[in-house]
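Quick note: the sequence shown, position 60, residue 90 per the working numbering, numbers continuous. To start, the structure itself, in structure tokens.
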Amino acid sequence: MTTVLVTNESRAKEYIDEVFSQLKQKNSHQPEFLQAAEEILFSLAPVFAQHPEYIEHNILARIVEPDRIVSFRVAWQDDNNQVQVNRGYRVQFNNVIGPYKGGLRYHPTVNESIMKFLAFEQIFKNALTGQPIGGGKGGSDFNPKGKSDAEIMRFCQAFMTELYRHIGPDVDVPAGDIGVGAREVGFLWGQYKRIRGSYEAGVLTGKKPGYGGSLGRKEATGYGLIYFVAEMLREKNESFLNKTVVVSGSGNVAIYAIEKAQAYGAKVVACSDSAGYIYDSEGIDLAVVKEIKELKGDRIKTYLNYRPNAEYHEGCTGIWNIPCDIALPCATQNEINGDAARTLIANGTKFVAEGANMPSDLEAINEYLANDIYFGPGKAANAGGVAVSALEMAQNSGRNYWSFNKVDEKLQDIMKDIYTESKEAAEKYGTPGNLVVGSNIAGFVKVANGMVAEGVY
Ligand code: NDP
């Protein structure tokens, strides 16, 4: 029996090595995608050891190759009547569990590697939510900063004029991400409706309540993160009460994470934007952050105009030097490297949970795991947004609206379930307390079983 297990283990490792080395060869120019794939693939060894049928079906080689990638030209006119050209993408990675589902990102750094890393992570995150949604992602290298409302509208219309033919309520359901909020989703939705000539509300999520949007979607990722961390804290007989928290970013995820953490009695002392971070030893005044970011679309450094005793520091990485009990990276990928992780550890941080997608690089994650930091990976911890997007799709299909409380209660249940499933999978596969392995495995097994059942295609 022991010999069989050892054989299975070594065969599993060999298989993963083989698939990853082919993946590296084919995608050597896509570092973000390889980083995301490496993190997931190597955590799956115990699953392949126990389920050789997944090797027989070559699930891994199939799951790392997207069903399709669409890339397209987006030509639009700026306010000076100049024609501008950007590149649009939609990566439809896997639809075994449901229609492709994942946000659209507008940011100058967007490229195929970033789209693929986000879409790949989304497969497992969406599976973890227990909702019927597959994995996808899209966006453009368009930079919305400094653009007028009319320019944003024209860009969104031009983007949808191509994208519409690839999506649909039962095919692929985009939503927002960095640079795409309710305003952009509104413009995208208007254009889709115009082209299709029918009211297919479930084609996009993140719409405003009142025309198909769900109450609670705006808050969902940030609140969901805090519900997830509350479970992590409970595990260690702790709570948010009087904990010092550092949150990076000051966008949609960060703002609602701060709101719920404060409601649970935490003191949030810092947040940031892409130019720098603020430190307020008395605790962040969230009404001020909302006014700056949600109402005025201004820089976070203007916080000092309202709270002159606070500090502003240029640059983003210094935020991790601030001593805290709980660190919540909620801005962007790779914002915590090995050095930043070591600083957090030296300062006594005990919990890190990711509101953003892949904000910790692999070295940082290894530091957390080796130094007794209880770590909630983004795939699990920030799944609240897409979970409520799935609830928005359910409301659209049923042509009804649920109350904020109903949505919020469902979100709390979903986040608890994700935590429990991830924790139990980690225990079952021999790495108790490792939520990276647990969440990867819990999500993967659901998709792999679906792929086995579907047969090869
Ligand atoms: P927003 O566009 O609303 O906010 C992003 C925030 O991060 C802004 O404060 C932005 O600053 C800051 N930021 C962007 N780039 C950098 C950088 N290079 N360094 C430091 N700060 C930066 O996006 P969201 O809040 O929606 O998304 C944040 C993260 O959460 C992303 O990783 C996203 O993929 C992930 N996520 C979002 C979900 C959602 O529902 N919105 C769901 C799950 C994950 P500035 O204002 O200067 O641009």
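For every residue, glycine included, the Cβ atom is placed at its ideal position computed from N, Cα and C. Every value quoted in this text rests on a predicted model; they were computed, and no experiment measured them.
Is the beta carbon of D207 within less than 7 angstroms of some heavy atom of ligand 1? Yes, ligand 1 has a heavy atom inside 7 angstroms of this Cβ.
R224 - DSSP class collapsed to helix/strand/coil: The answer is helix: DSSP assigns R224 an H, G or I state.
In the DSSP assignment, find the beta strand (DSSP E) that holds I330 and state where it starts and stops. That residue, I330, is in no beta strand (DSSP E); it is neither H nor E in DSSP.
Per-residue DSSP class, three states only, for R195: DSSP places R195 in helix when its eight states are reduced to three.
From the DSSP secondary-structure annotation, give me the bridge partner or partners of E341. Note: E341 is bridge-paired with Y309 in the DSSP secondary-structure output.
Under the rule that 16 or more other beta-carbon atoms within 10 Å means buried, what is M31, buried or exposed? Legend: pLDDT at M31 = 46, less than 50; position of this residue unreliable, value from coordinates given subsequently. Under this definition M31 is an exposed residue.
Tell me the DSSP secondary structure of I46 in three-state form. It is helical.
So P389 packs on T362, CB below 8 angstroms; how close in whole Å? Sure, about 7 angstroms apart at Cβ, within 8 angstroms.
Buried or exposed for P61, going by 16 or more other Cβ atoms inside 10 Å? P61 should be labelled exposed.
T235: beta carbon under 7 angstroms from a heavy atom of ligand 1? In this structure, T235 has its beta carbon at no less than 7 angstroms from each heavy atom of ligand 1.
With H, G and I counted as helix, E and B as strand and the rest as coil, what does DSSP make of M31? Any reading at M31 is ruled out, since the residue's pLDDT is 46, under 50, leaving its predicted position unreliable.
Under a three-way DSSP split, which group does I163 fall into? Three-state DSSP puts I163 in coil, outside helix and strand.
Cα-Cα separation between V299 and G348, rounded to whole angstroms: Taking the straight line joining both Cα atoms gives about 13 angstroms.
I'd like to confirm the pairing. Which residues does DSSP put opposite P204 in its beta bridges? G132.
S302: beta carbon under 7 angstroms from a heavy atom of ligand 1? Result yes, Cβ under 7 angstroms from ligand 1.
Are the Cβ atoms of G385 and V283 separated by less than 8 angstroms? The answer is yes: Cβ separation under 8 angstroms.
Alpha carbons only, please: which of A371, E439, A410, A66 is nearest the one belonging to A400? In this structure, A371 is the residue among A371, E439, A410, A66 with its C-alpha nearest to the C-alpha of A400.
Enumerate in chain order the residues of its own chain whose CB-to-CB distance from A420 is below 6 angstroms, with the five nearest sequence positions on each side excluded. In its chain, beyond the 5 residues on either side, Q161, I163 have a beta carbon closer than 6 angstroms to the beta carbon of A420.
In whole angstroms, what separates the C-alpha of G51 from that of I366? Sequence inspection shows Ser at residue 51; the Gly mentioned does not correspond to that position. For S51 and I366, the distance between alpha carbons rounds to 26 angstroms.
Counting C-beta neighbours from all protein chains within 10 Å, is the total for R120 16 or more, i.e. buried, or is it exposed? When all chains shown are included, R120 counts as buried.
Hey, quick one: how far does the beta strand (DSSP E) through F405 stretch, first residue to last? Here the beta strand (DSSP E) through F405 covers 404-406.
Residues bridged to T274 (per DSSP): Paired residue(s): K297.
Which term fits G240, buried or exposed, when burial requires 16 or more other beta carbons within 10 angstroms of its beta carbon? In the assembly as shown, G240 is an exposed residue. Its beta-carbon has fewer than 16 other beta-carbons within 10 Å.
Can you grab the Cα-Cα spacing for the pair K446 / V486, in whole Å? Going from the Cα of K446 to the Cα of V486 covers about 34 angstroms.
Which runs of the beta strand (DSSP E) spanning at least 3 residues fall entirely within the stretch 352-435, listed in chain order? DSSP runs (the beta strand (DSSP E)) wholly in the stretch 352-435: 356-358, 381-383, 404-406.
Determine whether the beta carbon atoms of I182 and V233 lie at a separation below 8 angstroms. No, Cβ-Cβ distance for I182 and V233 is not below 8 angstroms.
Going by DSSP, what residue range makes up the alpha helix (DSSP H) through N479? In the DSSP annotation of this structure, the continuous segment of the alpha helix (DSSP H) that includes N479 starts and ends at 465-484.
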